[in-house]
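J.: Residue numbers for the sequence shown follow our numbering, beginning at 48 and rising by one.
From the three backbone atoms N, C-alpha and C, an ideal C-beta is built for every residue, glycine too.
Shown below is the structure under consideration.
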Amino acid sequence: MLDHLFGQHPGKADKAASYFQALRDKRTQQPRISMLITKTEYAHTIGEELLIPKIPLSNNTVQRRIDEMTNNVEDALCSSIRTTQFSLQIDESFLPGNEALLLAYVRFIKDEKLVQELLFAKELVTDTNGASIFALLKAYFAEKKIPLANIVSVATDGAPSMSGIYRGFIAFLKQEVPDILAVHCVIHRQHLVAKKLSERLHCSLRIFRKMCEENDESYNRLLLHTEVRWLSKEHDVSLCEDLKKSKNDIAYMADLYSKFNKMNLQLQGDDVNLISTKAAVCSFIKKLVTFKNNLARRELRQFPKLFEINEEAKIHDEDIEVYCDHLQLLHEELTERFEDIVGMEVLLG
48 MLDHLFGQHP
58 GKADKAASYF
68 QALRDKRTQQ
78 PRISMLITKT
88 EYAHTIGEEL
98 LIPKIPLSNN
108 TVQRRIDEMT
118 NNVEDALCSS
128 IRTTQFSLQI
138 DESFLPGNEA
148 LLLAYVRFIK
158 DEKLVQELLF
168 AKELVTDTNG
178 ASIFALLKAY
188 FAEKKIPLAN
198 IVSVATDGAP
208 SMSGIYRGFI
218 AFLKQEVPDI
228 LAVHCVIHRQ
238 HLVAKKLSER
248 LHCSLRIFRK
258 MCEENDESYN
268 RLLLHTEVRW
278 LSKEHDVSLC
288 EDLKKSKNDI
298 AYMADLYSKF
308 NKMNLQLQGD
318 DVNLISTKAA
328 VCSFIKKLVT
338 FKNNLARREL
348 RQFPKLFEIN
358 EEAKIHDEDI
368 EVYCDHLQLL
378 HEELTERFED
388 IVGMEVLLG
């Protein structure tokens, strides 16, 4: 370092230590400012417009610093999982230009804490079949010198390209890591269960969506419209009448989806694991039985919106029967789709 200083920068050799400390602090602060600019999600040139002009914060400079920080974080993450076992989650996504993107997340224990990070986001250039997904993952692991054997479990959705018995991603991965635990994403499973509706309930949802579209509502999803007072507005009379007939169904589904939302939140977060997942799923399955039994006895307090309508005009027995049948269907679906989670034995010791 001294040879470089005296040989390349002789004019600065006599500078005080504070001069070099100021240079070091400036070099340290620039990446931090670049990170703050990135978090605002504004154009990178905002640094030149709002901050001190003397600080190098041009668009290219900020982009370069972001890339440097990204590479640093990625190198540190890869270094951690080279020597420890970890869980892997794989998912596909699509960009606006219809480019297929493969996302990989890892979860592992570090310093007695559970760490969850995005490992990479890579474009699938050729296709999205299981062989291509596995080839991309294997090439990345080889490049970063991460042993495939360090993967103890993998979570994916239920798409054939992921979970196909012979040509799915998991099938190829198991050829390399035979003892790996494969898990179908629990939130995806819950979403599939929540979509199960009878033809009548499906019809009510379609009417509701059409009404929202004709009223130029910003959203046409049920959960964002828990009030029904606006149904009395004079628009398409026949549509209003159809929707009023479906008012009970909409209230029931709004109450039910609210309960699904609460369960969904229990399945999310950095601290969620298979043990807490099993507790949440088993609890909800039992609650469905309770909901059904209470509805059959016309005890509606667990369904507040339906209860409010019942106070104004009694819910017909035919409606109660439809809701009880639907709850029974959901119970069977949840029990079947989460059979592996429900039957899992937790060994503590």
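(1) Tell me whether the beta-carbon of residue 233 lies closer than 7 angstroms to the beta-carbon of residue 198.
(2) Applying the criterion that 16 or more other CB atoms from any shown protein chain within 10 Å of the CB defines a buried residue, is residue 208 buried or exposed?
(3) Look at the Cβ atom of residue 218, then the Cβ atom of residue 307, and state whether they are nearer than 7 angstroms.
(4) Hey, which unbroken runs of the alpha helix (DSSP H) at 4 residues or more fall wholly within the stretch 294-380?
(5) Are the CB atoms of residue 128 and residue 193 within a distance shorter than 7 angstroms?
(6) On a Cα-Cα basis, can you pick out the residue from 163, 147 and 190 that is closest to residue 173?
(7) For residue 205, count the other beta carbons within 10 Å of its own beta carbon; 16 or more makes it buried, fewer makes it exposed. Which is it?
(8) Just how far apart, CA to CA, sit residue 136 and residue 324?
(9) Using alpha carbons as the reference points, say which of 348, 340, 119 and 163 lies closest to residue 134.
(10) Closest by CA to residue 252, which one among 299, 236, 228 and 390?
(11) Identify, in the order they occur along the chain, each residue of the same chain with its Cβ nearer than 8 angstroms to the Cβ of residue 183, setting aside the five sequence neighbours on each side.
(12) At 3 residues or longer, what runs of the beta strand (DSSP E) sit wholly inside the stretch 213-268?
(13) Hey, out of 181, 347, 379 and 125, whose CA is closest to residue 222's CA?
(14) Going by DSSP in three states, residue 157 sits in which element: helix, strand or coil?
(15) When DSSP labels each residue in this structure, what does residue 166 get in the three-state scheme?
(16) How is residue 136 classed by DSSP in three states: helix, strand or coil?
(17) Which partner residues of residue 173 appear in the DSSP bridge assignment?
(18) Got a sec? Which residues, its chain only, sit under 8 angstroms from residue 124 by beta carbon, not counting five neighbours each side?
(19) Using the Cα positions of residue 354 and residue 347, report the straight-line distance between them to the nearest angstrom.
(20) Using only the alpha-carbon positions, how far apart do residue 398 and residue 250 sit?
(21) How would you label residue 215, buried or exposed, when you count the other beta carbons within 10 angstroms and need 16 or more for buried?
(22) By DSSP, does residue 203 sit in helix, in strand, or in coil?
(23) With distances taken between CB atoms, is the gap from residue 301 to residue 361 smaller than 7 angstroms?
(24) Whole angstroms is fine: what's the gap from residue 227's alpha carbon to residue 132's?
(25) Classify residue 142 as helix, strand or coil using the three-state DSSP reduction.
(26) Since residue 388 is in the alpha helix (DSSP H), which residue starts that stretch and which ends it?
(27) Report the partner residues of residue 147 according to the DSSP bridge assignment.
(28) Among the candidates 349, 178, 318 and 191, whose CA atom is the shortest distance from the CA of residue 159?
(29) Please state the DSSP three-state secondary structure of residue 198.
(30) Report, in whole angstroms, the separation of the C-beta atoms of residue 381 and residue 332, which I expect to be a contact under 8 angstroms.
(31) Rounded to a whole number of angstroms, what is the C-alpha to C-alpha distance between residue 138 and residue 350?
T.: In brief:
(1) Not in contact: residue 233 and residue 198 (Cβ atoms no closer than 7 angstroms).
(2) Buried, since its Cβ has 16 or more Cβ neighbours within 10 Å.
(3) Cβ distance not < 7 angstroms, so residue 218 and residue 307 don't count as in contact.
(4) Complete alpha helix (DSSP H) runs here, min 4: 294-313, 321-343 and 351-359.
(5) In contact: residue 193 and residue 128 (Cβ atoms closer than 7 angstroms).
(6) Checked all of 163, 147 and 190; the closest Cα to residue 173 is 147.
(7) Counting of Cβ neighbours within 10 angstroms places residue 205 among the exposed residues, the total staying below 16.
(8) Between residue 136 and residue 324, the C-alpha separation is close to 16 angstroms.
(9) Of 348, 340, 119 and 163, the smallest CA-CA separation from residue 134 is found for 163.
(10) When only C-alpha atoms are compared, the closest one is 299.
(11) Spatial neighbours of residue 183 in its own chain (CB-CB distance under 8 angstroms, excluding positions within 5 residues in sequence) are listed in chain order as 149, 169 and 171.
(12) Qualifying beta strand (DSSP E) stretches, in chain order: 228-231.
(13) Among 181, 347, 379 and 125, the Cα nearest to that of residue 222 belongs to 181.
(14) Per DSSP, reduced to three states, the secondary structure at residue 157 is strand.
(15) Strand at residue 166.
(16) The three-state secondary structure of residue 136, taken from DSSP, is strand.
(17) Beta-bridge partners of residue 173 (DSSP): none assigned.
(18) Around residue 124: 153, 164 and 166.
(19) Between the alpha carbons of residue 354 and residue 347 lies a gap of roughly 5 angstroms.
(20) There is no way to answer for residue 398, as the model of the chain reaches only from 48 to 396.
(21) Counting the other Cβ atoms within 10 Å of the Cβ of residue 215 gives 16 or more, which makes it buried.
(22) Three-state DSSP puts residue 203 in a strand.
(23) No, Cβ-Cβ distance for residue 301 and residue 361 is not below 7 angstroms.
(24) Inter-residue distance for residue 227 and residue 132 is about 11 angstroms (C-alpha atoms, whole angstroms).
(25) Residue 142: coil per DSSP, three-state reduction.
(26) For residue 388, the uninterrupted alpha helix (DSSP H) segment begins and ends at 386-389.
(27) According to DSSP, residue pairing for residue 147 in a beta bridge involves 141.
(28) The candidate whose alpha carbon is nearest that of residue 159 is 318.
(29) If DSSP states are grouped into helix, strand and coil, residue 198 belongs with the strands.
(30) Their Cβ separation, rounded to whole angstroms, is 5 angstroms, which keeps residue 381 and residue 332 in contact under 8 angstroms.
(31) Whole-angstrom Cα-Cα distance: 35 angstroms.
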